[in-house]
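Taking it in order: structure first as structure tokens, then the write-up.
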Amino acid sequence: MSERTAQLNIPEESGWLFVPYSFIGADVCGRKKPQAALLVESMVYSFSDPENSRVCRQSYADMRKRLGLCNDTVARSVRILTASGAVEQDKSRRICAEYSHSAPSRGLSGVEVPDFLLTEEFTIRGKKRRDGSVTPQRVRTLRPMEAVILSEIRRAQQNGAKEYATSDSRLAKQFRLNKSTVNEYITALIRSGLLYRAQEGRGCNGRYLSRYAVNEKLLRVLRKRKARENKQKQGKARETLFSAGKLTDDERARAAREIAARNARNTALDARTEREHWYAVRRQEAENRARRYLRIAEQDEAYSAAQKAVKRLDVAIAKAEVFRLPDLEALRRERLEQCAVRARRLAALHIGEEDLRPAWHCKKCEDTGFEIGTGRPCSCYSPPKGDDV
Ligand SMILES: [Zn+2]
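To convert, note that position 276 of the sequence shown is 276 in the numbering used here; the numbers rise steadily by one, no gaps.
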């Protein structure tokens with residue numbers, strides 16, 4: 001299933017967790033393992049290596065922050081895992097408990113889940129109701145298995161696949177989830193703008209595969225933001241010294257200037273990231289719509305044949321023009337005929353030529369945020385208000 005296998009000694013500051021497939025959906029103490037416990041278990045596994053006497057020293061607060069869980073959930077997860085014997089907790093050191101995992105530290109296959117997928121809040125767009133109204137959007141963090149499924153699709157893409165073909169029932173089996181739960185997760189991922197369905201599987205018996213791809217642009221934006229936040233945290237240490245009054249007057253003045261400059265910079269950067277995020281989602285929406293229509297058209301044999309013919313003729317015509325070949329006129333006529341075939345097929349499929357091109361929300365900037373031609377920031381930016389949760 002995966003070429004990626006467990007690595008030894010993942011540095012704790014690596015920014016991602018390794019989740020072995022065999023941990024997912026397994027039973028603990030006769031009941032299905034909660035998803036939060038899966039994360040805690042993966043964290044202990046990622047950061048410990050019993051063979052080299054390395055243990056995981058993450059505190060409850062570290063786990064909570066890093067996994068996006070609350071304190072009670074972390075405590076409950078640790079209880080479940082220690083009771084089952086999968087995780088060993090050593091409290092003898094008093095300062096911080098040490099954890100180790102009983103599984104071998106090599107040879108397990110699994111998936112890497114970036115931390116920010118667990119802690120970042122995403123806007124999940126509302127659903128359209130039958131009467132045309134839209135259910136309210138929600139802002140929340142991803143469920144652990146949503147993050148795992150997304151990472152799995154990413155992993156396949158990083159291994160060279162352009163899209164990832166799977167069905168709800170296949171994912172359900174792979175990750176030991178209900179089919180309806182998988183469907184719910186995939187829908188949420190799509191509505192968050194993180195994932196898109198390049199091609200929808202037809203039929204309801206799950207035999208047909210849908211093709212998925214991850215919105216890498218959006219992930220890049222989020223990763224950048226996360227890196228910046230980490231940097232900010234480092235700067236905080238100096239700020240603490242400053243506020244504790246442990247600096248000389250000269251140092252105080254310099255530190256105050258630095259802090260003010262950094263705050264201004266961060267505010268500007270945050271606004272920029274928000275903006276990039278907003279446009280990445282919109283662009284994807286418009287591109288997806290065009291891609292959907294193109295797929296429908298390409299499934300039509302006559303359209304597909306005509307489309308190929310036009311492409312071939314374009315090349316032939318270019319060649320004929322350069323070498324002044326006598327069949328240029330005939331080629332041009334044939335191209336027109338093929339274009340007409342193509343147009344007729346589209347009309348029969350109720351698809352307009354314009355449907356095959358992205359219908360940008362904003363014509364001025366084509367959803368890039370910068371006006372085409374001038375490169376000026378576009379006026380169409382209207383970010384959602386934070387309070388319509
Ligand atoms: Zn615009």
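C-beta: ideal position from N, C-alpha, C; glycine also.
All values reported here derive from a predicted model rather than from experimental measurement.
When S210, Q158, D168 and L222 are compared against G193, the one with the closest alpha-carbon: Taking the Cα of G193 as reference, the smallest distance to any Cα among S210, Q158, D168 and L222 is reached at L222.
Nearest neighbour of G107, chosen from D327, R228 and F18 [CA to CA]: When each option's Cα is compared against that of G107, the closest is F18.
Sequence-distant residues of the same chain with beta carbon closer than 7 Å to L209, five excluded per side: By the criterion of a C-beta distance shorter than 7 Å, L209 is surrounded in its chain by A165, T166, S167 and G201, once the five residues flanking it on both sides are discounted.
Exposed unless 16 or more other CB atoms sit within 10 angstroms - verdict on E301: Result: exposed.
Residues near V113 by beta carbon distance below 7 Å, same chain, minus five either side: Taken in chain order, the residues that qualify are W16, L17, V19, A147, V148 and S151.
Nearest residue (CA-CA) to E121, options R140, R129 and G132: Out of R140, R129 and G132, the CA that lies nearest to the CA of E121 is found in R140.
Local conformation of Y381 per DSSP, three classes: In this structure, Y381 counts as coil in the three-state DSSP scheme.
Host alpha helix (DSSP H) of W278 (start-end): Segment D249 to E298, the alpha helix (DSSP H) holding W278.
V310 at chain C interface by Cβ criterion, 9 Å: Protein chains in the displayed structure number just one, and chain C is not present.
Counterpart residues of I124 in DSSP-defined beta bridges: Assignment of beta-bridge partners to I124 by DSSP yields R138.
Unbroken beta strand (DSSP E) run spanning S198, endpoints: Checking the sequence shown, residue 198 turns out to be Ala, not Ser. Segment L195 to Q199, the beta strand (DSSP E) holding A198.
Close Cβ partners of E287 (< 6 Å) along its chain, the five nearest in sequence each way excluded: Result list for E287: P358, in chain order.
Beta-carbon proximity check, L349 vs A306, cutoff 9 Å: The criterion of a C-beta distance shorter than 9 Å is not satisfied by L349 and A306.
G206 - DSSP class collapsed to helix/strand/coil: The predicted position of G206 is uncertain, since its pLDDT is 48 and thus under 50; a value taken from the coordinates is nonetheless stated next. The answer is coil: DSSP assigns G206 none of H, G, I, E or B.
Backbone CA spacing between E216 and K128 [nearest angstrom]: One alpha carbon belongs to E216, the other to K128, and they sit about 26 Å apart.
Q338 burial status per 10 Å Cβ neighbour count (16 or more: buried): So Q338 ends up on the buried side.
Separation of R272 from G203, as counted between CA atoms: Any reading at G203 must be qualified, since the residue scores a pLDDT of 49, below 50, and its modelled position is unreliable; no value is offered.
C-beta contact flag for D270 and R335 at 9 Å: Against a cut-off of 9 Å, the Cβ pair of R335 and D270 comes out as no contact.
Exposure label - S22; buried when at least 16 CB within 10 Å: An exposed status is given to S22, since fewer than 16 other beta-carbon atoms sit within 10 Å of its beta-carbon.
Pair within 9 Å by beta-carbon distance, V44 and V74: No, the pair does not count as a contact, with Cβ atoms beyond the cut-off.
Closer than 5 Å: residues whose CB approaches a heavy atom of ligand 1: One residue after another in chain order, those with a Cβ under 5 Å from a heavy atom of ligand 1 are C362, K364, C365, C378 and C380.
Burial state of S105, where buried means 16 or more other Cβ atoms lie within 10 Å: By the neighbour-count criterion, in which a residue is buried when 16 or more other Cβ atoms sit within 10 angstroms of its Cβ, S105 is buried.
Touch test, the stretch 182-197 against the stretch 248-256, Cβ-Cβ under 8 Å, three pairs minimum: The stretch 182-197 is not in contact with the stretch 248-256.
Cβ distance (whole Å) where L195 is taken to contact V214 below 8 Å: At roughly 6 Å, the Cβ-Cβ gap stays under 8 Å, so L195 and V214 are in contact.
Whole-number beta carbon distance between F175 and G25, since they are thought to touch under 8 Å: So it is a contact: roughly 6 Å between Cβ atoms.
Selected residue, minimal CA-CA separation from K364, among V87, G375, R154 and D62: Residue G375 is the option with its Cα nearest to K364.
6 Å Cβ shell around T123 - same chain, five flanking residues per side excluded: Around T123: Q137 and V139.
Coil, strand or helix - R31 by DSSP: Strand.
E163 - DSSP class collapsed to helix/strand/coil: DSSP, reduced to helix, strand and coil, places E163 outside both helices and strands of the structure shown, so it counts as coil.
9 Å Cβ cutoff met for E366 and R283: Closer than 9 Å, so yes.
A255 to G110 span [Cα, whole Å]: One Cα belongs to A255, the other to G110, and the distance between them is close to 45 Å.
Rounded C-alpha distance that separates V310 from V341: Approximately 10 Å between the Cα atoms of the pair.
Classification of Q158 by the beta-carbon crowding that lies within 10 angstroms, buried from 16 upward: Exposed, because fewer than 16 other Cβ atoms sit within 10 Å of the Cβ of Q158.
Beta-carbon spacing of P34, H101 below 9 Å: Taking 9 Å as the Cβ cut-off, P34 and H101 do not qualify as a contacting pair.
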